[in-house]
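Numbering (our numbering), first residue to last: 2 to 287. For reference, the structure discussed in these notes is given below.
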């Protein structure tokens, strides 16, 4: 087997954020501490956003203060929606990555961050400055990157133009996000196949939401087109609470693991810790 050049980003924040019933802070801490034992590249653990907008994430700072980071290889990522959130996240030394959702859909940008695309792009400039000043790395998510349900204009050239603008801002990590599960193997292959060779200094990721029947063809399309960064959530829990009433689930991490192992990649994960996290997830999200 070959050592995988693949990065797995586990996203308990994405799994939890839309739940109406508040998960106790101690339970979040215990679950994320278990995930930290597995060996994922990164844990998307929380967000510094308005507690009115996303009540489930109101305890992110408290969760962070209680994480056991002594022996984990995993890095931490937090999501923000504005400069104030970025400043708050950047003040925490253990956080390596600050994520910002930038949408190609005007409707979704307003729903998700209460800003126009133009305003969000201005925020992104300042957030990049915050990251530079504090030694953090900005991860920009191009949400609705494969289409949207709002009848807003979408085509691959629009996504490519967004990437060109982010390249000018020296954004080093861009994750194409299938926020509502409308991607196809064809548009996944086309976008990654064009973007990865054209922007060699950018690390591209796939944040794919999916139905149970479509996950493998989506992962295969992204991997074969050169993508090596994949977001997932155990058991496919969660999704963006700002997207739609009926949500397509996150990409199940266990499916990602199975796919990459089946094609002969060694992910260097702690299998016992992974199994324990799977069991724990059922209790957290029941």
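All C-beta atoms in this analysis are idealised placements derived from N, C-alpha and C, irrespective of residue type, glycine included.
Residue range of the unbroken alpha helix (DSSP H) whose run includes residue i
i: residue 11; result: Element bounds for residue 11: not the alpha helix (DSSP H) but the beta strand (DSSP E), 8–11.
i: residue 164; result: 157–169
i: residue 76; result: No alpha helix (DSSP H) contains residue 76, which is instead part of the beta strand (DSSP E) from 76–81.
i: residue 194; result: 186–199
i: residue 275; result: 272–285
i: residue 37; result: 26–37
Within 8 Å, strictly: CB atoms of residue i and residue j
i: residue 44; j: residue 20; result: no
i: residue 232; j: residue 176; result: yes
i: residue 80; j: residue 105; result: no
i: residue 132; j: residue 141; result: no
i: residue 211; j: residue 252; result: yes
i: residue 178; j: residue 235; result: no
i: residue 151; j: residue 217; result: no
i: residue 238; j: residue 275; result: no
i: residue 209; j: residue 225; result: no
i: residue 161; j: residue 204; result: no
i: residue 147; j: residue 188; result: yes
i: residue 18; j: residue 58; result: yes
Nearest-angstrom Cβ-Cβ length linking residue i and residue j, presumed shorter than 8 Å
i: residue 69; j: residue 36; result: Their Cβ separation, rounded to whole angstroms, is 11 Å, which puts residue 69 and residue 36 out of contact at 8 Å.
i: residue 191; j: residue 157; result: 6 Å
i: residue 125; j: residue 170; result: 7 Å
From the options, residue whose alpha carbon lies closest to that of residue i
i: residue 16; options: 160, 87 and 29; result: 29
i: residue 93; options: 159, 186 and 76; result: 76
i: residue 111; options: 34, 24 and 153; result: 153
i: residue 6; options: 279, 262 and 273; result: 262
i: residue 91; options: 48, 278, 266 and 254; result: 48
Residue interval of the beta strand (DSSP E) (run including residue i)
i: residue 264; result: Per DSSP, residue 264 belongs to no beta strand (DSSP E) and is neither H nor E.
Residue ranges of each alpha helix (DSSP H) within the region 93–158, 4 or longer: The region 93–158 contains these whole alpha helix (DSSP H) runs: 107–114 and 118–135.
Continuous alpha helix (DSSP H) assignments of at least 4 residues falling wholly in the region 201–229: The DSSP assignment places 216–225 as complete runs of the alpha helix (DSSP H) inside the region 201–229, in order along the chain (cut-off: 4 residues).
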